[in-house]
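First the structure, in the form of structure tokens, and then the observations on it.
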Amino acid sequence: MKIIINNQDRTADMQERIERGMQEHAQRPPPVEVPAELNALALRDAQSHAEYQDTFIRLIRYRDNVDTMPFEIPHRGGWRGKCAVWVKTKLWTLLRYQHDRITFRQNLINSLYSSALEYEREQRRAEAARLEARIAALEKK
Numbered sequence: 001m002k003i004i005i006n007n008q009d010r011t012a013d014m015q016e017r018i019e020r021g022m023q024e025h026a027q028r029p030p031p032v033e034v035p036a037e038l039n040a041l042a043l044r045d046a047q048s049h050a051e052y053q054d055t056f057i058r059l060i061r062y063r064d065n066v067d068t069m070p071f072e073i074p075h076r077g078g079w080r081g082k083c084a085v086w087v088k089t090k091l092w093t094l095l096r097y098q099h100d101r102i103t104f105r106q107n108l109i110n111s112l113y114s115s116a117l118e119y120e121r122e123q124r125r126a127e128a129a130r131l132e133a134r135i136a137a138l139e140k141k
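Here the sequence shown is numbered in the numbering used here, starting from 1 and rising by one per residue.
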């Protein structure tokens, strides 16, 4: 592979950085994979408005949670980047309890909204079924 920057061959200069980045990438834990049925791309497989709505509400239910799990902090290279990550990590450790309190409350709100949405959908389905039965009864007469 050749790397050309500004019409100059920079392969030798960049090769060390690329190899170091690949080694760091190999040491990181793999990202958590989202199951295919929980992916938003499942919405495009819907054949009707009702099926789309069912899938959408199911996705909302699975994704209405906010978490404060530790994560990798992106940073610049060099000692300044490492110092910034150290400071951010210490601040996160110090303030995490506040974030946990806030996310607990937000998760309650999100869960209530998801439940309300599901309840409203079921209520509308029951109402539609009741009206269809009433129309069928009137048509029989």
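C-beta: ideal position from N, C-alpha, C; glycine also.
Nonlocal neighbours in the same chain, by C-beta distance under 8 Å from residue i, ignoring five residues either side
| i | result |
| --- | --- |
| Leu43 | Tyr52, Thr55, Phe56 and Leu59 |
| Arg118 | For the sequence presented, residue 118 should be read as Glu rather than Arg. Around Glu118: Ile57 and Arg61. |
| His83 | Looking at the sequence provided, one finds Cys at residue 83 rather than His. Excluding positions up to five away in sequence, the list is empty. |
Spatial neighbours of residue i in its chain, beta-carbon cut-off 6 Å, leaving aside the 5 residues before and after
| i | result |
| --- | --- |
| Thr11 | Lys2 and Ile3 |
| Leu38 | Tyr62 |
Presumed contact (8 Å Cβ cut-off) between residue i and residue j, rounded CB distance
| i | j | result |
| --- | --- | --- |
| Lys90 | Ile73 | Going by Cβ atoms, the distance from Lys90 to Ile73 rounds to 11 Å, so no, they are not a contact pair. |
| Thr68 | Asp45 | Contact doesn't hold; Cβ gap of about 33 Å is too wide. |
Sufficient close CB pairs (3 or more, under 8 Å) joining the region 101–113 to the region 61–71 | Yes, the region 101–113 is in contact with the region 61–71.
Run through the region 14–77 for me and flag every whole beta strand (DSSP E) of 3 or more residues, listed as ranges in chain order.
-> Whole beta strand (DSSP E) segments, 3+ residues: zero.
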